[in-house]
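Number 45 in the numbering used here belongs to position 46 of the sequence shown; there are no gaps in the numbering.
Cβ coordinates follow ideal geometry from the N, Cα and C atoms, glycine included.
Presented below is the structure to which this report refers.
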Amino acid sequence: MGPAMPTGALLSREHLDAIADPVNRHGIWVIYDAAMERIRFDHQQPLHPASHSGLADRTITIGSASKELRMIGWRVGWVVGPRAIMADIAIVGIANVVCQVGIAQQAVAAALAAPNADADVATATNTWRQRCELIIDQLSTYPVVRPHGGWSLLIDTTELGLTPEQASAQLFDQGRVAATPMTGWGPNGDRYLRLVFANEPIERLQDLRSRFDAAFS
Numbered sequence: 000m001g002p003a004m005p006t007g008a009l010l011s012r013e014h015l016d017a018i019a020d021p022v023n024r025h026g027i028w029v030i031y032d033a034a035m036e037r038i039r040f041d042h043q044q045p046l047h048p049a050s051h052s053g054l055a056d057r058t059i060t061i062g063s064a065s066k067e068l069r070m071i072g073w074r075v076g077w078v079v080g081p082r083a084i085m086a087d088i089a090i091v092g093i094a095n096v097v098c099q100v101g102i103a104q105q106a107v108a109a110a111l112a113a114p115n116a117d118a119d120v121a122t123a124t125n126t127w128r129q130r131c132e133l134i135i136d137q138l139s140t141y142p143v144v145r146p147h148g149g150w151s152l153l154i155d156t157t158e159l160g161l162t163p164e165q166a167s168a169q170l171f172d173q174g175r176v177a178a179t180p181m182t183g184w185g186p187n188g189d190r191y192l193r194l195v196f197a198n199e200p201i202e203r204l205q206d207l208r209s210r211f212d213a214a215f216s
């Protein structure tokens, strides 16, 4: 996924170069989650694994209306991949996916085909960028991991002398801020706390520093 969730890290050409040889040598499929690929803060176009000559025939792309289009509750997505694998994916889908209602599929199709669809995503991305920059400014004295896209960021709680669970409880009890411990999210998750700014108005973020200070000072 690029930007990655929850770090906001972006894929680079070097990442794709690094996996191309083992992917082909071992016959591995690359499953790329494209649900957030345009939510980038660098104004650059998405870097898709299928654009790499060594990965084009081994990439399966998962799309969704939940993130870029903000149609979270509609639960509509799609899969694109080489013809050789799509028949098998269709069989798996029939066995494992609840049939989506027609009105939701039509709504997502209309959103994707809208004349201002790209501009809409760009506007939403700019809003997320503004929220992110405000949070980073508010928390300039805290160990924040700067994201390059997406709608969340991480805080390294080891520098606060706390576990993610302790930091989350302290922040909620004393600062009235809800943040998610990343324990269980991979080998390094047990040192991070996640802040999500997907739907937080700028005005609600203005006093984030004082809330953190109340919790950790």
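Item	Value
Burial state of Trp127, where buried means 16 or more other Cβ atoms lie within 10 Å	buried
Contact check, Trp73 vs Ala103, beta carbons under 8 Å	yes
Unbroken beta strand (DSSP E) run spanning Leu153, endpoints	Ser151 to Asp155
Cβ-Cβ separation, Ile135 to Leu207 (assumed contact under 8 Å), whole Å	No, Leu207 and Ile135 are not in contact; Cβ-Cβ is about 10 Å, not under 8 Å.
C-alpha distance - Ala55 paired with Leu15, whole-angstrom precision	11 Å
Val22 - DSSP class collapsed to helix/strand/coil	helix
Arg190 vs Thr140 beta-carbon contact at 8 Å	no
8 Å Cβ cutoff met for Arg130 and Glu199	yes
Straight-line Cα distance separating Val91 from Arg82	15 Å
Own chain partners of Val78 with C-beta closer than 8 Å, once the 5 adjacent residues on each side are dropped	Ile59, Thr60, Ile61, Gly62, Met85, Ile88 and Gly92
Boundaries of the alpha helix (DSSP H) in which Ile27 is found, first to last residue	It is not in any alpha helix (DSSP H) - Ile27 carries neither H nor E in the DSSP assignment.
Local conformation of Leu194 per DSSP, three classes	strand
In chain order, each alpha helix (DSSP H) run of at least 4 residues that lies wholly inside the stretch 34-109	82-95
Counted within 10 angstroms of its Cβ, other Cβ atoms place Gly7 as buried (16 or more) or exposed	buried
Buried or exposed by the 16-neighbour rule on C-beta atoms within 10 Å, applied to Gln44	exposed
Three-way DSSP call (helix, strand, coil) for Pro163 in this model	helix
Whole-angstrom C-beta distance between Arg12 and Leu68, which should lie under 8 Å	That belief does not hold up - the Cβ atoms of Leu68 and Arg12 are roughly 27 Å apart, past 8 Å.
contact_flag[the stretch 177-184, the stretch 110-125] where n(CB pairs < 8 Å) is 3 or more	no
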